[in-house]
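Its first residue numbered 1, the sequence shown is counted upward by one per residue in full-length UniProt numbering.
Where is the CB? At the ideal position from N, CA and C, for every residue including glycine.
Values in this document were obtained by computation on a predicted structure and should not be read as measured data.
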Amino acid sequence: MAGGKIKTTAVPRVPDYSLRTAVTNLRARHELNSSRVPGILQERVKSLANYNHPNAADRLFQASYRHDPSMANCQTCDQSQLEQREARRPCEPKIHYGGIASSNQVMKDAVTRDRLAQELDIICFEMEAAGLMDVLPCLPIRGICDYSDSHKAKDWQKYAAAVAAAYAREFLEALPATGDALRDSRPNAHFPEQADLGNRRLQLMESLRFEQIDSRKTTIKTAYSKTCSWFLKHRDYLEWLDLEKQSQHHGFLWIRGKPGAGKSIIMKFIYTKMKKTDMPMKALTISFFFNARGELLEKSVPGMYRSLLLQLLEGFPDLQQILDDPDLIPRNQVTCPPLNILKDLFRSAISSLDKRALTCFVDALDECDEQQVKDMVEFFEEVAEQCVEDNVRFQVCFSSRHYPYIDIKSGIRLTLEGQDGHNEDLKRYISKHLRIQDPSLVDELTQMMLDKAAGVFLWVALVVDILNEENRHGRIALRTRLREVPNELSALFQDILTRDQDHLESLLLSILWILRAQRPLQAGEYYHALWSGLLLKGKGDREMPPVNTSDASDCFNKCVISSSKGLAEITKAKKPTVQFIHESVSDFLIKDKGLYKLWPKLGADWESQGHEELRLCCNAYVFHEAIWKAIEEQKSTDAQTIKDGLLKQFPFLEYASQFVLGHADAAAHKITQQQFVNEFPVSNWVRIFNIFEKHKVRQYSEGADVIYILADRGHPELIRMRLEVNPKIDGGGGRYRHPFLAAMAKGHKDSVIALLGLSSRVHNGIDITHGLKCKVDSVRKVHTPFSWACEEGHMAIARFLLDRGAQVGVDDLVKFVENGNIEVVKMLLEKGADARAANMDGLTPLLLTSQNGHLEMVKILLEKGADATAANRDGSTPLLLASQNGQSEIVKILLDKGVDARAANRDGFILRC
């Protein structure tokens, strides 16, 4: 731009997938073997003297030292200003991979170079490839011959060009011959449609995967020795396996049981046994274990379909051809399909099984939303019915509690408690784990436990631990203690938690973190989160407990067990997290009001108070002096190194910084956060937040306004509290420039309402958020909330913004006149916009619309007082422009207004009709 300013005019372009794959393969090859670039140079360029290595000095001056423009070269430049670097040996070309900035001018300023490199995460600048990636799939390969500073020279230019050509040759040799994506250079071509189908399938398969896909199954304890085997001989199980009876039960087996009865253990046992009988291309067993304590995909039907479909397509790879159906997935899509398409893909894959067998286990249906489960069961019934008609072997085993009650038309139903084999399993467990030597006493206690347990395995496991603890104190009151133990699981939890009054502060913190963390905490996070909360209550050491000791894992485990009184555990997933030992613990605390019984002071609205406790933990941790000391002492400039170093010492820091505002917003429903949000140290928080945000475009600027951050992160309650003190809502600090635009781009409708100062979405009888959809590109293109609302057609919001005093200038009026947006133009004129005003280019609204031929717009502008004689800088009037463009009806209207038909512009042109 003028004055040497830099302006970003486009969004980053990513090379076609097939090209990126080839680059990845070539880089991997270079990890094992050296690049062929030096060899290609030697072979092809040695006869071209001008393109050989120039043997010139490779000089990099300090960024602040500028070249004297009067000097033709750097011979007289101050050599003491050179950066001190080790010589590179051997002196062969080095290949760099990263973002390239394409500009319309040569970059010759080192300070600007370094700033843009940091802001845009780029490795070099270039000019020639600008816009090329918009019209065909390509990969920019640049030979770098200078450092984009004022000392720019051409000594290395030809050699650099030769190096780039040599790498291009090696790359083309590595590119698969089937890379059809390179053959279509038409603008707007759908390149993924021509990409290798195998690569596209891999991308789609990978899109189905999610991080905790096997978390619940992995965490479920393996069946104890000699237990569960009875199920394999059970009449119902054998009937389910009987192919001759598939037409009767449609392949369904449904296991029901009380909470904690051991359904999941049975399911894992059967699944594991059947999985061992899988035969390549003949029989496959797949599973999904719902997890109400996990993240969204672990406890939702979309997560189930993604997992089952992925296992099915990996087990029978030939079925991956269903991903090629353009009626299901557009050829240019490589992201995870929506739920309805996932169901269609699953149905299509099953219908293509032919003579192969598929067995599907789905555990804990009660840990998913009831309506989702009902729809899913109906879908499975439809698929199973079709399989019976087509003679396809498809079997499904569900497990759930008795309630909520969901049934199937055809299928085998089995209730776990009351089964003889299940009762024998309970006996075996007691016999193995009860640490009492007296056989007669063991028999007596065993029978008492079986009578009280009513088939609930979890109850037995907990009571065995209680009796073992009592036994360690001398066996004085074993029978009495057992008689005191409540029969119901919920009452047993209360008994365990209230048996003593020790460490109630850590117990409450433990429960709140497990119940209301924004995501499940990992063991180290939980350990420091608990410490932070206890420190605030004067119960913790001032020094942070170390987490890098050899016994750290043991400390974490002991902390989880002791703080939760044995009702929580660390999962065995790839990323272990802390959760309750069973979903029934959550049921006791929430549904059975266990929290209120234990801590009446929390009141009925315990969640707000709970989030306030968690906010305090996060806030104290983020701004702890030890953390800031570590940040100030950081010597590395590499973002990942800094992040890893901090997490190694302070495992709770990422969570605390990301969610401190979220907990505050949740608490704000009942507990004011006015002081917190007004005194929140934004700049310090931004500094920490940016460390953990790997995408630079999502990071906040150093001077980000708190209102922008709250809008961007979707915290409507905090927005309202902030606006009570400071009604200004135009503060920036990020990529969307304005809080309103940030909230819209992120889809935070409640934050939009808060920014507008409304208490609900309904204004003047209209839901002003109706039809709002997150269109990030449209948000980025506009400059104000008002212009966005107008361009997207959300007139209710636009009118409200005008009523609230949105500033609208002549440029806005001219723009909407030019776009032919009559509704917006009428609204602007009604609100007092000047129809006679001209913009910076000397254009009035009437000049534009007369030229464009928008008859209705001309009438509206004239009615609102537009000057029919006002000319542009060339002296052309609306009448003359309408005439030149053949707009006879507009000419007639203007003449009727008394415009002089003889007026000419500066070039002497007059009216032509």
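Distance from the CA atom of Ala160 to the CA atom of Pro54, rounded to whole angstroms, is 10 Å. A distance below 7 Å between beta-carbons, with the five flanking residues on each side excluded, links Ala384 to the following residues of its chain, in chain order: His250, Gly251, Phe252, Phe394, Val396. Bridge pairing for Glu569: Gln579 [DSSP]. In the displayed model, Gln311 falls within a helix according to three-state DSSP.
Burial is judged here by how many other beta carbons sit within 10 angstroms of a residue's own beta carbon; Thr637 has fewer than 16 and is exposed. Between Thr222 and Thr571 the beta-carbon gap is near 14 Å, outside 8 Å, which marks them as no contact. Contact between the region 691-705 and the region 746-761 is absent: fewer than three C-beta pairs spanning the two stretches fall below 8 Å. Under DSSP, Glu126 forms a beta bridge with Ser102.
Each residue's CA atom was taken as its position, placing Asp443 and Thr415 some 26 Å apart. Annotated three-state conformation of Thr218 is helix, per DSSP. Excluding the 5 residues flanking it on each side, Val814 has same chain C-beta neighbours closer than 7 Å at Asn839, Leu843, Pro845, Leu848, in chain order. For the set Tyr429, Ile430, Ser348, Asp420, the Cα lying nearest the Cα of Asp390 is the one of Ser348.
Residue pairing by DSSP places Cys397 opposite Leu253, Phe361 in a beta bridge. Note that the C-beta distance between His695 and His663 is not below 8 Å. Collapsing the DSSP output to three states places Ser564 in coil. Each of Tyr147, Gln320, Gln419, Ser876 was checked against the Cα of Asp58, and the nearest Cα belongs to Tyr147. A distance below 8 Å separates the beta carbons of Glu417 and Ala261. The residues Val485, Pro486, in chain order, have a CB closer than 7 Å to that of Asp495 in the same chain once the five nearest residues on each side in sequence are set aside. In the three-state reduction of the DSSP assignment, Ile286 falls in the strand class. In this model, Ile719 and Val899 are separated by some 54 Å (Cα to Cα). Distance between Leu515 and Val810, taken at the CA atoms: about 54 Å. A residue is called buried when at least 16 other Cβ atoms come within 10 angstroms of its Cβ; Glu543 does not meet this threshold and is exposed. CA-to-CA, the gap between Leu19 and Met205 works out to about 19 Å.
In the structure shown, the three-state DSSP call for Phe623 is coil.
Taking every protein chain shown into account, the CB of Arg735 has 16 or more other CB atoms within 10 angstroms, so this residue is buried.
Residue state for Ile408 is assigned as coil, using DSSP reduced to three classes. Annotation: Glu470 to Arg481 spans about 8 Å, alpha carbon to alpha carbon. For Gln333, the number of other beta carbons within 10 angstroms of its own is at least 16, and it is reported as buried.
Bridge pairing for Phe61: Leu82 [DSSP]. For Gln522, the three-state secondary structure derived from DSSP is strand. Leu414 sits in a strand when the DSSP states are folded into three classes. If the five residues before and after Glu717 are omitted, its C-beta is found closer than 6 Å to the C-beta atoms of Asp665, Ala668, all from its own chain and listed in chain order.
For the pair Val622 and Leu653, the CB atoms are nearer than the 8 Å cut-off. Taking 8 Å as the cut-off, the beta carbon of Leu829 is found no closer than this to the beta carbon of Ala837.
Three or more Cβ pairs closer than 8 Å define a contact, and the region 360-368 meets that threshold against the region 298-315. Within the model, the alpha-carbon separation for Ser103 versus Ser264 is close to 60 Å.
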